[in-house]
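Asks: Just so we're aligned: 87 in my numbering is position 84 of the sequence shown, and the numbers increase by one with no gaps anywhere. Sending over a structure as structure tokens; questions will come in a sec.
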Amino acid sequence: RSLTSKRRSFMDTTRVREVVEASPGCVRLFVSGAVSHVGKSTVCMGLLGFLEACGIPGKDLSYIKPSTQCEAVDLVQAWCAARGIRYVGGADAPLVFYPGLTRAVIAGETDVDV
Numbered sequence: 004r005s006l007t008s009k010r011r012s013f014m015d016t017t018r019v020r021e022v023v024e025a026s027p028g029c030v031r032l033f034v035s036g037a038v039s040h041v042g043k044s045t046v047c048m049g050l051l052g053f054l055e056a057c058g059i060p061g062k063d064l065s066y067i068k069p070s071t072q073c074e075a076v077d078l079v080q081a082w083c084a085a086r087g088i089r090y091v092g093g094a095d096a097p098l099v100f101y102p103g104l105t106r107a108v109i110a111g112e113t114d115v116d117v
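Dropping the structure here:
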């Protein structure tokens, strides 16, 4: 069997769609990492892409980046926009750290209590 057919037998897309559709409210997946640049965004795009492959339309999916230091458009935001997936991040993230905050806190130059 081809690799594609082996993947399909391993990942039953119909069953995933049934589980998501039967869930009350929304299904939430949280992806975290101990440090920057460990692949969190890549994993999230993979999960969202898999859910689309399961037949869940982009309009029913969302990606939320809860905190950031960068307000510029990133790869995930552009990828989500191309698929109609709601993206909350950048300047709209629930928590935006301004550049230099960590240094300012360490130096005692801010009123932020961490």
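C-beta: ideal position from N, C-alpha, C; glycine also.
Give the straight-line distance between the Cα atoms of V91 and R31, rounded to the nearest whole angstrom.
Replies: Cα to Cα, V91 sits roughly 14 Å from R31.
Asks: Going by the beta-carbon positions, is the gap between G61 and G87 smaller than 7 Å?
Replies: Cβ atoms of G61 and G87: closer than 7 Å.
Asks: Taking only runs that begin and end inside the region 20 to 64, name each unbroken alpha helix (DSSP H) of 4 or more residues, in chain order.
Replies: Segments of the alpha helix (DSSP H) lying fully in the region 20 to 64: 43 to 56.
Asks: For T105, count neighbouring Cβ atoms within 10 angstroms of its own Cβ and tell me buried if that reaches 16, exposed if not.
Replies: T105 should be labelled exposed.
Asks: On the DSSP letters alone, give me the boundaries of the alpha helix (DSSP H) that V108 sits inside.
Replies: Start and end: L104 to I109.
Asks: Name the two residues that bound the continuous alpha helix (DSSP H) containing V91.
Replies: First-last for V91: R89 to V91, but that is the beta strand (DSSP E), not the alpha helix (DSSP H).
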